[in-house]
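If you're matching positions, the sequence shown starts at 1 in UniProt numbering and goes up one per residue.
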Amino acid sequence: MALNDILKQMPSMGYDFKDFAPSEELDFESFQNNRVLAVPPYNNPSANLAKLQEGKDDIKIQFDHGTTTLGFIYQGGVVLAVDSRATGGQYIGSQSVRKVVEINDLLLGTLAGGAADCTYWYRVLTSECRLYELRNKKKISLAAATKIMNNIIYSYKNSGLSMGMILAGGDMKQVSLYYLDSDGTRTTGKVFSVGSGSLFAYGVLDSGYRWDLTDEEAHELGRRSIYHATYRDAYSGEKVEMNEKIIIYQPYEAEQILLAENASCLAVKTYLKMLGRDFLVKSCANAEFMAPSGKRTKLPVVQIGEFLAAEFEPIINLMEYKKLSLTENFSNEDKDDLVTHMSLVDSILPNAELYITWCSEVVLNEITKKRYGFVYPFPLNHIQNFRKRRAVLKQLNFYDWKNLTFDEVVERVDKLCQSLVMKLKDQEFFFGDKPSELDALVFGHLFCIFTMELPASVSSLKETINKYITLTQFCARIEKKYFGKIKN
């Protein structure tokens, strides 16, 4: 039944429209147009609209909705955990809603309530925080951000908004937690849970929370609280989303890492920065042996919660499983083009880097053996070098690269650069003004070749790439945008 039909029947149900004092230009037929519903058509809506929210005579204005979100502070920082279900009455609208949102580099929030209200006011808060940063040349504090938001929301009190937010943030010294809602509440504390399943979550939190939780215990407590709420509350469900730490494991940069491994690690770091995700880099001698799988370098190894992935493509798949993607709005044609170019790059540059590292006698003796064997004592360093070189040669033979000459390798790289220049043209990124996985992959490999010191006998590879000004400028833009520095 259309809304205008309901309004026509309301006088016969006992509603007196004199109490609402509608505007003279109001026409019930216009309620078929959703744009008219953007603004309440009555004078003093905060007082009069509340009269329509009692559900008289089988007309229920308030819609059923629910979720479960929580946050708590412990000695290691702050944990935010949410479910991923969006409901409207008896209907499940989505099972993959992202309810943990990033406001800026130092602030995170959770969303509970009406989806439209939460999304809109989250954008308002993000804009206000950015304006504060531009005006004052510094990041806004969590207390100031919540105060601004509270002042704005309070002016809409009793206007039908439905929203509850947990905001977390701070600096390296102190982390705070605030709760805001559409009724004007603003309070700080150590433990909060919001939504229809919050009582069930509190039951687990109250029994398991303590200040000295370890990181693993804190993550498990947040996850278990949400799971318990989703089991008891019909409106909450699907999977648990948490602000999980991303850890990158790689060899030691100064002493150990080689060209192909360094390029792969840099490509992954660039990809995560393009996604706007923070990460922690841990250097360890046995990083390549931690990899669950891998077809070339087996590096880097990325850990997100209980998940492990190694090398660029599996890490992309893991991030997309976590509902994080650079290309979700790409057309099918662009996605096919992306896959084609990534396959082309992945079939040439990593093999060229491995060839130079392990097949060039000059590079092998002057650089590779010293760096790869650095972390091993004698005679294990020689054994490991022999083992690794045998594995790489077998791999290059599989891809028909082992018996190439150095000039043939350079020629293949040159043809690839020509193809990349034709794709990039004069754009900022390969697919316009938005970054993609291809940008991160190309930057990681080309930048490492640009900056690595190679013997004169193999320097023609670097010279070949350097002659393409479009690619050198592309690498300079990426470094400046995501790493904040430019190297010669």
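For every residue, glycine included, the Cβ atom is placed at its ideal position computed from N, Cα and C.
Assigned secondary structure, residue i (DSSP; H/G/I helix, E/B strand, else coil)
i, result
"Arg-186", "strand"
"Glu-313", "helix"
"Gly-328", "As written in the sequence, residue 328 is Glu, which differs from the Gly given in the question. Coil at Glu-328, not helix or strand."
"Thr-69", "strand"
"Tyr-202", "helix"
"Ile-356", "helix"
"Ala-287", "helix"
"Tyr-249", "strand"
"Asp-83", "coil"
"Gly-77", "strand"
"Phe-431", "coil"
"Phe-307", "strand"
"Lys-402", "coil"
"Thr-297", "coil"
"Leu-107", "strand"
"Leu-393", "helix"
"Lys-282", "strand"
"Ser-94", "strand"
"Gln-256", "coil"
"Val-302", "strand"
Closest Cα partner of residue i within the set the options
i, options, result
"Leu-108", "Arg-123, Arg-232 and Asp-117", "Arg-123"
"Ser-94", "Ser-84, Val-101, Ile-103 and Val-100", "Ser-84"
"Ala-229", "Leu-258, Arg-210, Ala-260 and Ser-196", "Ser-196"
"Asn-332", "His-219, Ala-260, Arg-477 and Phe-431", "Phe-431"
"Glu-216", "Gly-184, Arg-390, Glu-255 and Val-78", "Val-78"
"Cys-448", "Ala-201, Tyr-154, Thr-357 and Pro-314", "Thr-357"
"Glu-220", "Ser-457, Val-204, Leu-380 and Arg-232", "Val-204"
"Lys-481", "Ile-166, Gly-164, Leu-275 and Gly-71", "Leu-275"
"Pro-314", "Asp-334, Val-268, Phe-279 and Lys-335", "Val-268"
"Met-165", "Thr-187, Ser-155 and Tyr-156", "Thr-187"
"Leu-454", "Leu-380, Pro-435, Gln-473 and Glu-366", "Glu-366"
"Lys-245", "Phe-279, Gly-160, Ala-144 and Ala-145", "Phe-279"
"Asn-150", "Val-175, Leu-167, Lys-139 and Arg-223", "Leu-167"
"Ala-285", "Ala-263, Tyr-249 and Leu-272", "Tyr-249"
"Met-452", "Glu-253, Leu-125 and Pro-377", "Glu-253"
"Ala-266", "Gly-484, Val-442 and Ser-193", "For the record, residue 266 in the displayed sequence is Leu; it is not Ala. Closest by alpha carbon: Val-442."
"Cys-118", "Ile-103, Leu-131, Gln-303 and Lys-147", "Ile-103"
"Trp-401", "Asp-426, Ala-352 and Lys-425", "Ala-352"
"Lys-295", "Glu-408, Ala-218, Gly-305 and Lys-394", "Lys-394"
"Glu-169", "Gly-71, Phe-483 and Arg-224", "A small correction: the amino acid at residue 169 is Gly; Glu does not occupy that position in the sequence shown. Comparing Cα positions, the closest option is Gly-71."
Residue i - containing beta strand (DSSP E), residue span
i, result
"Thr-230", "Premise fails: Thr-230 lies in the alpha helix (DSSP H), 215-232, not in any beta strand (DSSP E)."
"Asn-104", "100-104"
"Ala-144", "Careful: Ala-144 lies outside any beta strand (DSSP E), inside the alpha helix (DSSP H) at 142-154."
"Ser-176", "175-181"
"Ala-168", "163-170"
Residue i: first and last residue of the uninterrupted alpha helix (DSSP H) it sits in
i, result
"Phe-483", "469-483"
"Phe-192", "Careful: Phe-192 lies outside any alpha helix (DSSP H), inside the beta strand (DSSP E) at 191-194."
"Glu-437", "437-451"
"Leu-272", "259-275"
"Val-124", "115-136"
"Ile-465", "460-466"
"Tyr-209", "Element bounds for Tyr-209: n/a, residue is neither H nor E."
"Tyr-372", "369-372"
Cβ-based neighbour list, residue i, same chain, cut-off 7 Å, excluding 5 preceding and 5 following
i, result
"Asn-385", "Lys-369, Tyr-372 and Gly-373"
"Leu-364", "Trp-358"
"Leu-428", "Sequence check: residue 428 is Glu here, not Leu. Closer than 7 Å at the Cβ level, and outside the excluded window around Glu-428, lie Arg-477."
"Lys-388", "Tyr-372"
"Trp-211", "Tyr-74 and Gln-75"
"Lys-56", "Bear in mind that the predicted position of Lys-56 carries a pLDDT of just 47, short of 50, making it too unreliable to give a figure here."
Exposure label - residue i; buried when at least 16 CB within 10 Å
i, result
"Val-281", "exposed"
"His-382", "exposed"
"Ile-469", "exposed"
"Cys-475", "buried"
"Leu-471", "buried"
"Tyr-178", "buried"
"Glu-479", "buried"
"Ser-182", "buried"
"Gln-473", "exposed"
"Ala-260", "buried"
"Pro-251", "buried"
Cβ neighbours of residue i in the same chain (closer than 6 Å, five flanking residues each side left out)
i, result
"Ala-291", "Lys-298, Val-301 and Ala-310"
"Val-360", "For clarity, residue 360 is Ser in the given sequence; the question names Val instead. Correct list, in chain order: Val-458."
"Leu-349", "His-445"
"Glu-255", "Phe-374"
"Gly-113", "Ser-162, Met-163 and Gly-164"
Neighbourhood of residue i by C-beta distance below 8 Å, restricted to the same chain and skipping five residues each side
i, result
"Ser-347", "Tyr-399"
"Thr-464", "Val-410, Val-413, Asp-414 and Cys-417"
"His-341", "Ser-419, Leu-420, Lys-423, Phe-430 and Leu-438"
"Ala-144", "Tyr-132"
Residue i Cβ short of 6 Å to the ligand SAH heavy atom set
i, result
"Ser-293", "Summarising the ligand content, the structure contains no ligands, and the ligand SAH is consequently not present."
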